[in-house]
Every structure is written in structure tokens, then in C-alpha cells.
Amino acid sequence: MKIAFLVKRFTRSGGKERYVVELAMALKRQGHSIHVYAYKCDHTLLKEITFHRVPLFFTFSSILNTLSFIKETKKKVPKQEYDIIHSHERNYTQEIITLHSLTYCEGLEKYSFLRKIDQKYFSLRSLLYLWLEKRQMKSPWLISVSQEVSRDVEKYYGRSDNIVIIPPGVNTDQFNPVSTNKLRDQARKENNLNKNELAVLFVGSAFQRKGLDRLLPEIKGDTRLFVVGKGDKLVKYKRLIKAYGLEKKVVLTGMVKDVKQYYALADIVVLPSRSEAFGMSILEGMACGLPVIVTKNCGVADLIE
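The numbers in numbering that gives the first Met the number 0 rise by one with no breaks, and the one at position 39 of the sequence shown is 38.
What follows is the structure, encoded as C-alpha cells:
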């Protein structure tokens, strides 16, 4: 089959992005023709797929950036040429969309009453997101990454037909105990970890939602925390780290090209999210043979006994 993937970044940095790359590569190995419409594509993947660059506009605004992506993909994707058009972003050009996040409606529920009213009826940004979300829910088929997402869709949009739950997978050729153990000594040496130190790994870019502030006060004794990701309100978290006296205990790596080395040095993976559609870092950690701690608010918790 000829399959089009719609995703903003076709790279291996980011849990959702790694999943999309691995899904595309798996389908290619089965003999399918893979076309990717994205702003950005990792140069190492260009030989594997047919890449169609989508212009990048409005980087200063997430909603305008999303609307621009929809407009450009609608212009560029010839529907009649593909057997399947599969989106991994908020869109309405596709036949199938994978829902990697909880609904915008769910996010609004966490606001105070007055702010909820303001966001729901007077915020142009929120109104645009709600309009777009309503349109995407009309896709012929929905794939949700967890029970949590499916419950969310039914609660706010009353939809339970043509929606299937398919949890993301992990490339176990890359994430496995054998390969990470080979890297472990070197990775710990490069990060100045001694054998008695406990290395805690937190992977994610939405620090507030993923609960980094909950984790910081628990870093005590011979423990080091490695935070992999580009977080929101970074100045706030640097202040928290200083307030807790953790300047030498917490490492903020930012975005990295190869997260595998951090799974290699880690002793445990933690994701104390307040709200999470899935939680790829937990799945990747388990694939590497690491113990994990996760809140019940994460979709991946359904897979953990």
C-alpha cells in the first residue's frame, strides 16, 4: 500500500516522534511505500522514506502553527494517490488519526470556574483548539494510545464507534537490556556517576504536566536526577532546583539526539505526571529492563501490574 504519514517532526527525538518513525520503518519493511509530510526529517531517515517538506510558519504560536500545518498538508497531500492517510497531529485531512494526547476539553476542566468560562467562551486560542478538536473527532477512524484517551473522547465527544486502542510500541532492537548494559559503564563515567549513586531518569518536555516539581524534593542522599527534554518555564525549575539545594544533583540535558545512553546509565525511570495520554519513557524504560514509577494518571499505567 501507499501510505502517507502527517507529523510535524519525523525524528527520533521525542516519544511520539520515535514511535511514528518506528511505525513507518516497520511498515516499510513489510513492503509498503511510505510518504512523510513534515516540517523536519532526520537526515538519516531520508533514504528510507519519501519526504515531502511542509513549510514552517508561526513558530511563536502553537495554535497558528497547527492551523498552518493543516492548511499546508491539505494543499500538498493528494488524497487520491494514497491508500491510507494517517495523521499523528491535530488535523482533518486524514482517514485515520492517532490520538497521542488527551482532549483539549480535559485540559480546560483543570482550570478554576472563572478561568474555564474565560477560556471556553472568550479565548480565541481556546475556541480555535476546540473547533479543530471537534473536526478531528469526525475522522473515519480514531486510534487512541490508551484506555485513558478513549474514555476522554467518549466523555467529551460521545464517540465510541470506529475507535480502537493501540498502545505505542518500542523498537526492542534499540531498547533492550543487552544493548544498554553494554553502554552502561561508559555512560555513567561520562556523567561522573560513581557506583554507589542512584541515577533517576525523567524523560519529557512538558515539565509541569509531567510533574517534575513533584520529583525534585524526593532527590536526596546519593541520588542524581537526569532530566531529558526541553521543558516549559525552565527558569522556574532552575529556581526550584536551587531552592532545594540540588544544583549538583540535577542534570538538565535539554533535547538529545540519542536518549538510549540515558536509559543505559539509569537505575530507575520515573514519570509522576498529573495527566498523560500514555508515557513512552516508561515503556522504553521497561524494555531496557529498568524498574519504573508512574502515577495512575498515565495511560501506560494500564500495562503495569
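Glycine is no exception: its CB is placed at the ideal position from the N, C-alpha and C atoms.
In this text the structure is predicted, and so the values were computed from the model without any measurement.
Can you tell me which of the three DSSP states S143 falls into?
strand
Is Q135 buried or exposed, if buried means 16 or more other CB atoms sit within 10 Å of its CB?
buried
Touch test, the stretch 91-109 against the stretch 136-152, Cβ-Cβ under 8 Å, three pairs minimum
yes
Round the Cβ separation of P271 and G230 to the nearest angstrom and send it over; I've been treating them as touching at under 8 Å.
So it is not a contact: roughly 14 Å between Cβ atoms.
Where do the ends of the beta strand (DSSP E) carrying L200 lie?
L197 to V202
Buried or exposed: which applies to Y262, given that a residue is buried once 16 or more other Cβ atoms fall within 10 Å of its Cβ?
buried
Do the CB positions of S145 and V20 come within less than 8 Å of each other?
no
For K245, does the three-state DSSP call read helix, strand or coil?
One detail in the question is off: residue 245 reads as Leu in this sequence, not Lys. In this structure, L245 counts as coil in the three-state DSSP scheme.
Going by alpha carbons, who is nearest to K248 out of Y91, D221 and R238?
D221
With DSSP collapsed to three states, give me the class of G14.
helix
Between the CA atoms of K119 and L107 - distance to the nearest angstrom
8 Å
Between the C-alpha atoms of L131 and V177, what's the straight-line distance to the nearest angstrom?
44 Å
Report yes if the C-beta distance between L302 and P166 is below 8 Å; otherwise report no.
yes
Checking 8 Å against the spacing of the C-beta atoms, do Y128 and I33 come in under that value?
no
Contact check, N296 vs S274 under 8 Å by CB: the rounded distance?
6 Å
Taking only beta-carbon positions, decide if D257 is within less than 8 Å of chain B.
Of the protein chains in the structure, only one exists, and it is not chain B.
Alpha helix (DSSP H) containing L107: first to last residue?
Y103 to L107
Counted within 10 angstroms of its Cβ, other Cβ atoms place V163 as buried (16 or more) or exposed:
exposed
Alpha carbon of Y81 to alpha carbon of A23, nearest angstrom
15 Å
Cβ pair count under 8 Å reaching 3, the stretch 64-79 against the stretch 40-47
no
Put K94 into one of helix, strand or coil per three-state DSSP.
For the record, residue 94 in the displayed sequence is Glu; it is not Lys. Three-state result, E94: coil.
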